[in-house]
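Remarks on the structure that follows.
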Amino acid sequence: MGNISVVRSDITLLETDAIVNAANNHLSAGGGVCGAIFSAAGYSELKAACDEIGFCNTGSAVVTPAFSLNAKYIVHAVGPIWRGGDQDEDKLLYSAYYSSLTAAAEKGCRSIAFPLVSAGIYGYPSEEAWRIALTACRDFTENTDMDVRFAVLSDEQFSMGNSLLSELLPRKNSGTQTAAEMDRLRIGNSETDAIFFYRVGDAYGAFSNWAPTPFTVDGVSFSTAEQYIMYRKCLTFGDNVTAEKLLSYDSPKEQKALGREAAGYIDSVWAGIRQTVAIRGLYAKFSQDAELKRLLLGTGDAVLVECTSNDRIWACGLDKDDDDRLSADRWKGQNILGFALMEVRNMLRAEG
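Here the UniProt record's numbering is used: position 299 in the sequence shown is 299, and no number is missing along the way.
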C-alpha cells in the first residue's frame, strides 16, 4: 500500500522519481505550473521532446525525460476544462490521474508529485478537483507502494488538501509522522526519538530553509528562511546592496549563492551569530503559519536533524540512508538548523 501526502512546495524542486505537468492537448508550454516546469527542465529540450510526441488526449498522460529537474521523468497529464460538470469532466480528471500513475509505474517510478490538475486556468472547482485527485490516487495505491505527493503553494490549497485527505483516506499517512514512525537516535549511552529531514517534498520538508514558506520580519517579506538568513548575513557586513538584491530572488539556490557574495564577510563573525539569526527567522516562519506551527509542535521532544552530506554546518553532515546518522557522536556536521528549530519549538510551546 502506497502513501499519499500534501506538501507545501514548488513542484520543480521535488526529488521524486516523476513529477506531473498539468498539460494541454498539444503539450505546449503554458503558464502557471506548466510554464514553471518547462523553465526549470530546460525549455528547448522539453519542447523538443513534447513536439516529438505531438498530442495527448484529454484524460490521458504521456512521459518525457525530466532533463534539468531533480526528477527522472515528467508525466504530462491532460485534465479536462471545466464546462459545468455535465460533460464527463469527473471521469476525464480521474482518468488523467490514474493514467499518470500507470505511466510512471511502467517507467519503474516509486514516487510521483502532482499539482492540482485542471484547478488553474481550466477552472475546475478546487474541492471537487481534490476529491477526484485523492480518490484516483487512493484507488491506485491500494495495491502498489507508490509514494504520491501533491505539491501546492497556497495556504488555502494546502489546508483544503490535507483536510480532504484526512476525510477520504483516514487510514493512510497524511504526511505527519507519529512517534512509532520516528527514528531512534543514540546520544552517548541513551536513546531518544529523532526526526531526520532534508528534501523539501518529504513529510517534514517544511523544516528545510529552502521550503517556500512566506513570512515577514520587521515589515520585510521573505519567500524562504534561506532568503532571510542570507539577507541578514549581508546586512551584518554592511552590504545593503546585495541584501536588497536578494529580496528579488525567489529561488533558494540563487538566494544562497548571492548570500555568499556578501562584501566584507568575516567567517568568525558570522559563525558567532548565525544560529541566533536563524532562530529569529524561523520563529517568524513558524509562528505566522498555523499549519507549520502545528507541524513543529507535533514533533514533541524529538531531536530534529537536517540530514545531508553536502552541509557540515547547518546539517549533520550525513545522508538519510547513512546509518551513522543514528549516532550523534558520528555526525560530521553541526546540525545548526536542527538545534535552531528545537529552540523555536520551545519558544512556541512556552507561549501556549
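Backbone N, C-alpha and C define an ideal beta-carbon position, used for all residues, glycine too.
Cα-Cα, which of the options is closest to residue i?
i	options	result
Arg184	Glu15, Asp324, Gly352 and Ala340	Asp324
Gly161	Gly317, Phe114, Gln334 and Ser95	Phe114
Val269	Trp210, Lys72, Leu235 and Asn143	Leu235
Asp10	Gly259, Ser248 and Ser154	Ser154
Phe254	Trp210, Gln288, Arg199 and Ala350	Note on residue identity: the sequence assigns Glu, not Phe, to residue 254. When each option's Cα is compared against that of Glu254, the closest is Trp210.
Leu101	Ala271, Tyr124, Ile37 and Val63	Val63
Thr58	Ser95, Phe207, Ala119 and Gly238	Ser95
Thr144	Ser111, Thr276, Ala350 and Met342	Ser111
Gln87	Gly333, Tyr124 and Lys72	Tyr124
Ala271	Arg232, Pro65 and Gln288	Arg232
Val277	Ala105, Ser251 and Trp314	Trp314
Val75	Glu167, Gln334 and Pro65	Pro65
Glu343	Phe286, Phe38 and Cys316	Phe286
Glu106	Arg199, Gly85, Ala48 and Tyr73	Tyr73
Ile336	Asp319, Asn346, Asp311 and Lys320	Asp311
Cutting at 6 Å between CB atoms, please list the residues of its own chain near residue i, excluding the five before and the five after it.
i	result
Cys109	Asp17 and Ala18
Met146	Gly2
Gly338	Leu304, Val305 and Glu306
Cys50	Leu27
Phe38	Ala29 and Leu46
At what residues does the beta strand (DSSP E) containing residue i begin and finish?
i	result
Tyr73	Tyr73 to Val78
Glu15	Where Glu15 is concerned, there is no enclosing beta strand (DSSP E), given that its DSSP letter is neither H nor E.
Ser190	Ser190 to Phe197
Glu306	Val303 to Glu306
Ile112	Ser111 to Phe114
Ile187	Asp183 to Ile187
Between which two residues does the alpha helix (DSSP H) containing residue i stretch?
i	result
Ala257	Pro252 to Gly259
Arg345	Ile336 to Glu351
residue 358	In the structure as shown, the chain begins at 1 and stops at 352. Residue 358 is therefore absent and cannot be evaluated.
Thr58	Thr58 -> no alpha helix (DSSP H), and no H or E assigned at all.
Val241	Asn240 to Leu246
Asp90	Glu89 to Glu106
If you drop the 5 nearest sequence neighbours on each side, which residues of the same chain put their C-beta closer than 7 Å to that of residue i?
i	result
Phe67	Ala41, Gly42, Glu45 and Leu46
Ser327	Arg186
Cys34	Asn21, Ala22 and Ala23
Val152	Val6, Arg8, Leu116, Phe158 and Gly161
Glu261	Thr242
Ser309	Gly317, Leu318 and Asp319
Thr12	Ala36, Ile37, Ala40 and Leu69
Here's a check: name, in chain order, each residue in its chain whose Cβ is nearer than 8 Å to the Cβ of residue i, leaving out the five neighbours to either side.
i	result
Met182	Asp193, Ala194, Ile195 and Ala302
Val217	Tyr228, Arg280, Gly281 and Ala284
Glu291	Arg8, Asp155, Phe158, Ser159 and Asn162
Tyr98	Ala136, Asp139 and Phe140
Arg171	Legend: pLDDT at Arg171 = 42, less than 50; position of this residue unreliable, value from coordinates given subsequently. Result list for Arg171: empty, nothing under 8 Å.
Thr176	Its pLDDT being 44, under 50, Thr176 is placed unreliably by the model, and nothing is read from it.
Leu169	Ile4, Leu134 and Arg138
Does DSSP classify residue i as helix, strand or coil?
i	result
Glu45	helix
Gln177	With a pLDDT of 47 at Gln177, under the threshold of 50, the predicted position of this residue should be treated as unreliable, though the coordinate-derived value follows. DSSP places Gln177 in coil when its eight states are reduced to three.
Ile279	helix
Asn3	strand
Ser163	helix
Thr216	strand
Thr64	strand
Phe207	helix
Ala23	strand
Ser221	strand
Arg274	helix
Phe237	coil
Arg330	helix
Ala290	helix
Val269	helix
Arg8	strand
residue 409	One cannot answer for residue 409 here, as it falls past the ends of the chain, which runs 1 to 352.
Ala29	coil
Ala119	coil
Ala151	strand
Phe140	helix
Arg83	coil
Less than 8 Å between the CB atoms is what I'm expecting for residue i and residue j, so what's the real figure, rounded?
i	j	result
Arg149	Leu14	7 Å
Val117	Ala103	Contact flag wrong, Cβ pair sits at about 14 Å.
Val7	Gly201	5 Å
Gly205	Phe215	The pair is not a contact, with the Cβ atoms about 16 Å apart (cut-off 8 Å).
Leu296	Leu348	7 Å
Gly238	Gly264	6 Å
Leu93	Ala61	With a Cβ gap of about 12 Å, Leu93 and Ala61 do not count as contacting.
Asp267	Ser223	So it is not a contact: roughly 26 Å between Cβ atoms.
Tyr122	Gly79	6 Å
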